[in-house]
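Per our numbering: the sequence shown ends with 639, consecutive numbering throughout.
We treat Cβ as the ideally placed atom computed from N, Cα and C, and that holds for glycine.
In this text the structure is predicted, and so the values were computed from the model without any measurement.
Below: the structure, in structure tokens.
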Amino acid sequence: MSEPLGATWWRQAVVYQIYPRSFADSNGDGIGDLPGITSHVQHLRDLGVDAVWLSPFYPSALADGGYDVDDYRDVDPKIGTLAQFDEMVAALKAAGIRLIVDIVPNHTSDRHEWFRAALAAAPGSPERDRYIFRRGEGPDGERPPSDWTAAFGGSAWEPVGDGQWYLHMFAPEQPDLNWENPEVRQDFLTTLQFWADRDVDGFRVDVANALAKDLTLPLPSQAELDADDLPDGVHRLRDRDEVHEIYKDWRELFDRYDPPRTAVAEAWVPSAHRRARYASPEGLGQAFNFDLLLADWDAIEFRKVIEENLTLARSAGTSSTWVFSNHDVVRHATRYALPAGTDLKKWIRGDGTNPPADVERGLRRARAATLLALALPGSTYLYQGEELGLPEVADLPPEVLQDPTWIRSEGKEKGRDGCRVPLPWTSTGPSLGFGSGPAHLPQPPSFAELSVERQQADETSTLALYRRALAERRRLQTSETLEWATDAPDDVVQFSRPGGWTSVTNFGEAPVPLPAGDILVSSAPLADGTLPGDTTVWLRTAD
Ligand code: NOJ
Ligand code: CA
97 MSEPLGATWW RQAVVYQIYP RSFADSNGDG IGDLPGITSH VQHLRDLGVD
147 AVWLSPFYPS ALADGGYDVD DYRDVDPKIG TLAQFDEMVA ALKAAGIRLI
197 VDIVPNHTSD RHEWFRAALA AAPGSPERDR YIFRRGEGPD GERPPSDWTA
247 AFGGSAWEPV GDGQWYLHMF APEQPDLNWE NPEVRQDFLT TLQFWADRDV
297 DGFRVDVANA LAKDLTLPLP SQAELDADDL PDGVHRLRDR DEVHEIYKDW
347 RELFDRYDPP RTAVAEAWVP SAHRRARYAS PEGLGQAFNF DLLLADWDAI
397 EFRKVIEENL TLARSAGTSS TWVFSNHDVV RHATRYALPA GTDLKKWIRG
447 DGTNPPADVE RGLRRARAAT LLALALPGST YLYQGEELGL PEVADLPPEV
497 LQDPTWIRSE GKEKGRDGCR VPLPWTSTGP SLGFGSGPAH LPQPPSFAEL
547 SVERQQADET STLALYRRAL AERRRLQTSE TLEWATDAPD DVVQFSRPGG
597 WTSVTNFGEA PVPLPAGDIL VSSAPLADGT LPGDTTVWLR TAD
């Protein structure tokens, strides 16, 4: 399968994200597990991906889908063992697929041994110094140290009963670590080394932009934190310049391996140019670019985002990333099924009925968007299930919701469970081949039609399209440049790549003339020498 590319394998890789608890359940307990992944390596191989990014698989009470880690150097017994991890790695490697694991350095879980020790210890102790404890306001510290709010709702501070409060930017079960503490720094290096020694090829770094914080008194108010005229690099909690010191140490460790270990930063930073340092070869090496994910289905917007990010990546000495879906956002087949500007949280709150989704159009655009991204220089990150064209499941009943957002927002927001519904492998069975029993999040009946079993027998399926596109890309992808067509209509994004291939996307409704060339792959059927609306085609053209 994939040939050894040495140190640069990641630069134009297709990386497939697995959210392990929703991929495949090998023992029928309703929760996806590591043996489930091992048993479906053939699917990944047939799909043609270069690497897997595995979302957290560590011991966890699942207060935040596994992003609340009890122990960074073990596997959650609910989903496997270290030995089964090794078996999974071996199976992936035998199929020529590399592995990137998720690392969550901003916070541990509240069940981590360090946090238990911190709670048992006194204010001011070394145990508490690994986290961010502060005395509350008021004579007995009965009020939070500031009015900061957490990402999932509610206060960002939690009292521990002795006048002190700890900071959690996410759920209360996710206490933030103090990265000024050398022990914290050292321990993460040990963790990275642990997995790198276990043949892991790289790391996806969770909220990479939030590790360095400035908690000097007086603490600003939330309104001051939110001010949009702050200069770069001085926000108290995010994207501070010192954060890059941490990644310098990580890079030094990564470069001790052959090939060097890679990393990709999840860093939602205010402007694209701030992303460059996370992505630099002296830092993590690559950073997610969520700009296409946020863009409307619009040729001008797409072109601008692509141009900007290619320039930025080049100047940072790296390759760009492209992504439309992941475990945190509404699946792109559904986003594109809704009118531009739809408030997605509100739409999910209404069980996905208002406005109604144009499912067919959404899928057609999603297929065209993915085919376009797969033609770009750089790495493309795919999220499990998008190769089946899965939609967001917006009407999950409240009693099955797991996202902390649901509880923390007191039922005002349902959260991200709708993109985490387990995959349909077959068109029948209690969880459509996910496992032998019901799944931890119920699948809608429409998933049966979208199962792997159904789609692999259908040449026109989304799965067939992804397989063809990945196979062609593997053959065609060469140097990391593109050339824009200068004569393309406004609604069309057209560029050619070295080696003689061209990608053309028609964002409009009306068909446009198809440029000359042999058709390699198209996201929808073509007719009469034209490219219909909402369609991408790759053509073999002259160099
Ligand atoms: C980003 C992860 O992708 C998300 O799922 C998680 O809730 C937060 N970071 C907190 O770890
Ligand atoms: Ca299981």
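Asked, Found
"Residue 614 - partner residues in DSSP beta bridges", "636"
"Classification of residue 328 by the beta-carbon crowding that lies within 10 angstroms, buried from 16 upward", "exposed"
"Assigned exposure category for residue 203 - 16 Cβ within 10 Å defines buried", "buried"
"Environment of residue 601 [buried if 16+ CB atoms lie within 10 Å]", "buried"
"Residue 121 Cβ short of 8 Å to ligand 2 heavy atom set", "yes"
"Beta-carbon contacts of residue 152 that lie in its chain and below 7 Å, excluding the five residues immediately before and after", "162, 163, 165, 198, 200"
"Proximity winner among 232, 465, 571, relative to residue 629 (alpha-carbon distances)", "465"
"C-alpha distance - residue 135 paired with residue 548, whole-angstrom precision", "14 Å"
"First and last residue of the uninterrupted beta strand (DSSP E) at residue 114", "110-114"
"N- and C-terminal bounds of the alpha helix (DSSP H) containing residue 599", "Segment 597-602 is the beta strand (DSSP E) holding residue 599; no alpha helix (DSSP H) there."
"Inter-stretch contact at 8 Å, needing at least 3 Cβ pairs: the region 247-254 / the region 493-507", "yes"
"Where the beta strand (DSSP E) containing residue 298 begins and where it ends", "298-301"
"7 Å CB neighbourhood of residue 315 in its chain, flanking five on each side removed", "241, 242"
"Reduced DSSP category for residue 608 - H, G, I as helix; E, B as strand; rest coil", "strand"
"Rounded straight-line distance, which links the Cα of residue 311 to that of residue 217", "21 Å"
"Check: residue 196 C-beta below 8 Å from any heavy atom of ligand 2", "no"
"Inter-stretch contact (C-beta, 8 Å, three-pair minimum) for the region 128-145 and the region 172-181", "yes"
"Status (buried if at least 16 other CB within 10 Å, exposed otherwise) for residue 95", "Nothing about residue 95 can be reported from this structure: the residues present for the chain run from 97 to 639 only."
"Proximal residues to residue 99 (C-beta, below 6 Å), its chain only, five neighbours per side dropped", "Unreliable positioning characterises residue 99 in this predicted model, as indicated by a pLDDT of 42, which lies under 50. The coordinate reading is nonetheless provided below. The answer is none, since no qualifying residue turns up."
"Nearest residue (CA-CA) to residue 376, options 189, 387, 410, 590", "410"
"Every unbroken beta strand (DSSP E) inside the region 323-369 [3 residues or more]", "358-361"
"Distance, residue 450 Cα to residue 289 Cα", "49 Å"
"Beta-carbon separation (whole angstroms), residue 463 vs residue 592, contact threshold 8 Å", "Rounded, the Cβ-Cβ distance is 21 Å, inconsistent with contact."
"heavy atom of ligand 1 below 8 Å from residue 264 C-beta", "no"
"Neighbour-count burial assignment, residue 521, 16 or more Cβ in a 10 Å radius", "buried"
"Cut-off 8 Å between Cβ atoms - residues of its own chain near residue 239, not counting five sequence neighbours on either side", "232, 233"
"Beta-carbon spacing of residue 73, residue 271 below 9 Å", "A query on residue 73 cannot be resolved here, the shown segment of the chain reaching from 97 to 639 and no further."
"Reduced DSSP category for residue 399 - H, G, I as helix; E, B as strand; rest coil", "helix"
"Distance CB(residue 188)-CB(residue 143) smaller than 9 Å", "no"
"Helix, strand or coil at residue 387 [DSSP, three-state]", "helix"
"Alpha carbon of residue 403 to alpha carbon of residue 575, nearest angstrom", "16 Å"
"Extent of the continuous beta strand (DSSP E) run through residue 593", "588-593"
"Cβ-based neighbour list, residue 358, same chain, cut-off 6 Å, excluding 5 preceding and 5 following", "106, 298, 381"
"Those runs of the beta strand (DSSP E) which lie wholly inside the region 160-245 and span at least 3 residues", "194-199, 229-231"
"C-alpha distance - residue 448 paired with residue 349, whole-angstrom precision", "46 Å"
"Three CB pairs or more closer than 8 Å across the region 433-449 and the region 519-539", "no"
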